[in-house]
Amino acid sequence: MKGRITLSGVTKVFPRVGRSGRLYSLKGALLHGDLLRGMGAGGGFTALEDFDLNVGPGEAVGIIGPNGSGKSTVLKLITGILRPTRGSVAVDGRVTALIELGAGFHPEISGRENIIINGMLLGLSRKEVEDKLDEIVRFSGVGDFIDQPVKTYSSGMFVRLGFSVAVAVEPDILLIDEVLAVGDEAFTRRCLDRIARMRRQGVTLVIVSHDLDLVTSLADRAVYLEGGHTVAEGPSDAVVARYRSDVAEGERSDEASDRVRVIEEGRRWGTGDVEILGVDLSSGGVPLRVLPSGADAAVTIRYAVRQPVEDFVFGVAWHRIDGTQVAGHNTWLDGFKPRVLDHDGEVRCVYPKLELAPGEYVLDVAIHSVEGLAYDYWCRAARVRITAPVDWPGIWAPEHRWESDDAAWDETPPAEKA
Numbered sequence: 144m145k146g147r148i149t150l151s152g153v154t155k156v157f158p159r160v161g162r163s164g165r166l167y168s169l170k171g172a173l174l175h176g177d178l179l180r181g182m183g184a185g186g187g188f189t190a191l192e193d194f195d196l197n198v199g200p201g202e203a204v205g206i207i208g209p210n211g212s213g214k215s216t217v218l219k220l221i222t223g224i225l226r227p228t229r230g231s232v233a234v235d236g237r238v239t240a241l242i243e244l245g246a247g248f249h250p251e252i253s254g255r256e257n258i259i260i261n262g263m264l265l266g267l268s269r270k271e272v273e274d275k276l277d278e279i280v281r282f283s284g285v286g287d288f289i290d291q292p293v294k295t296y297s298s299g300m301f302v303r304l305g306f307s308v309a310v311a312v313e314p315d316i317l318l319i320d321e322v323l324a325v326g327d328e329a330f331t332r333r334c335l336d337r338i339a340r341m342r343r344q345g346v347t348l349v350i351v352s353h354d355l356d357l358v359t360s361l362a363d364r365a366v367y368l369e370g371g372h373t374v375a376e377g378p379s380d381a382v383v384a385r386y387r388s389d390v391a392e393g394e395r396s397d398e399a400s401d402r403v404r405v406i407e408e409g410r411r412w413g414t415g416d417v418e419i420l421g422v423d424l425s426s427g428g429v430p431l432r433v434l435p436s437g438a439d440a441a442v443t444i445r446y447a448v449r450q451p452v453e454d455f456v457f458g459v460a461w462h463r464i465d466g467t468q469v470a471g472h473n474t475w476l477d478g479f480k481p482r483v484l485d486h487d488g489e490v491r492c493v494y495p496k497l498e499l500a501p502g503e504y505v506l507d508v509a510i511h512s513v514e515g516l517a518y519d520y521w522c523r524a525a526r527v528r529i530t531a532p533v534d535w536p537g538i539w540a541p542e543h544r545w546e547s548d549d550a551a552w553d554e555t556p557p558a559e560k561a
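Take 144 as the starting number for the sequence shown in the working numbering and just add one per residue.
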């Protein structure tokens, strides 16, 4: 099945810029006796080092991290714009990259002519482009300007037309680099809707963005890069939480607080100012690991205060066992403003009805500051199996009934069905 991406042991080193401001050339390096200074031996800039990434067909992966961490380099390696210094890159399927939309547009010719030329450059035949032309123009919203030179377009029109051409290619793999940060709100909504439709068709998605909420909503999994190395990888909301915690810690670096420490790689981290001692899931006051769908439930977080804090949030996130996010909530979003946390205790999140479909679920539990600095963030802190007489599909299993004045049927209790 097309849409697979594999990067194995990839290192990318960019040549060093010399004192004159130019890249070292082979001739210059030989003349000056410093061949190794241009590419390696500490002389080049290493954007990625021994980096691995495996993206399966139809999967959505977000890549996050600070500026200069190697995010865009990963996308350019996947597209073939860059080649690795070491390691291998394997991409199976047609790739569309939403990186610099409209970069290949010629300013002196019309939008219509640019659509045809760029569509063919992206791998479509002229007939295929012409068949899709009306749809591209309609989606772009440039209207009568389609027959005007693109140098007369506004920046928004330019970007909209570029996006419209790129997604019309019907790729197996879609790469996005911050492109949704441009354009107006209506354009962004149309982009997200088109991306959602492409994902339903099984298109593989890799997104680079500083919009962390966008990453958690679009990506199943995330990779956190810093200095060309992977810091964390896993469910998108957990990795985003780790990144937010690190950013918050960096902003507080002048304060007397412990540095965020990794307690268990990829699963648990925090400053330790407040420590989670245990997480229990119960129903009717009885700790359980198997619950019937629709039962009452409570998640109890037992904690110890190592250093009193006035800025604190308790949070719980539910996932299916495959990593799909089900729900997430915390005390701050629910209107509880922190005052002080200065002694050990417990907090309970109570569910009158746990309306989940049958299956296995895992819970992430966290105590963090309002800005996201983790005191203790614990992924997969608890696990529960939800049961029901019928194996309903999906995630949500609301209480419901069927009614009809016309259909004739004999009702059989679910437990008695074959």
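Built from N, CA and C at the ideal position, the CB exists for glycine as well.
Item to check | Bridge partner(s) assigned by DSSP for residue 239 | outcome: 317
Item to check | Counterpart residues of residue 468 in DSSP-defined beta bridges | outcome: Answer by DSSP bridge pairing, in chain order: 462.
Checklist entry - With burial defined as no fewer than 16 other Cβ atoms inside 10 Å of the residue's Cβ, what is the status of residue 270: buried or exposed? => result exposed
Checklist entry - Just checking my contact of residue 200 with residue 145 at CB under 8 Å: how many whole Å lie between their CB atoms? => result Right, their Cβ atoms sit about 7 Å apart.
Item to check | Check whether residue 499 and residue 540 have beta carbons under 9 Å apart | outcome: Against a cut-off of 9 Å, the Cβ pair of residue 540 and residue 499 comes out as a contact.
Checklist entry - In three-state DSSP terms, what is residue 370? => result coil
Checklist entry - What separation, rounded to the nearest whole angstrom, lies between the Cα atoms of residue 180 and residue 187? => result At residue 180 the pLDDT is 46, less than 50, meaning the model places this residue with poor confidence; the figure from the coordinates comes in the next sentence. Computed Cα separation, rounded: 7 Å.
Item to check | Unbroken stretches of the beta strand (DSSP E), 3 residues or longer, contained in the segment 269-293 | outcome: Counting only runs of at least 3 residues, the segment 269-293 fully encloses no beta strand (DSSP E) element at all.
Checklist entry - So what does DSSP say about residue 215, is it helix, strand or coil? => result Here DSSP, grouped into helix, strand and coil, assigns residue 215 to helix.
Next on the checklist: Distance check for residue 364 and residue 344, CA to CA, integer angstroms please.
Outcome noted: 18 Å
Item to check | Residue interval of the beta strand (DSSP E) (run including residue 197) | outcome: Counting along the chain, the beta strand (DSSP E) containing residue 197 begins and ends at 188-198.
Checklist entry - Taking the alpha-carbon positions, what's the residue 452 to residue 370 distance? => result Each residue's CA atom was taken as its position, placing residue 452 and residue 370 some 31 Å apart.
Next on the checklist: Can you tell me whether residue 509 is helix, strand or coil according to DSSP?
Outcome noted: Strand.
Next on the checklist: Can you give me the C-alpha to C-alpha distance between residue 211 and residue 190, rounded to a whole angstrom?
Outcome noted: 8 Å
Item to check | Beta-carbon proximity list for residue 503, same chain, < 6 Å, skipping 5 on both sides | outcome: 464 and 528
Checklist entry - From residue 169 to residue 158, what distance separates their C-alpha atoms? => result Reliability fails at residue 169, whose pLDDT of 47 lies under 50, so the model's placement of it is uncertain and the value that follows must be treated cautiously. Going by the C-alpha atoms only, they are around 11 Å apart.
Item to check | residue 329 versus residue 534 - alpha carbon distance | outcome: 39 Å
Next on the checklist: Less than 8 Å between C-beta atoms, sequence neighbours within five positions excluded: which residues of the same chain meet that for residue 287?
Outcome noted: Correct list: empty, nothing qualifies.
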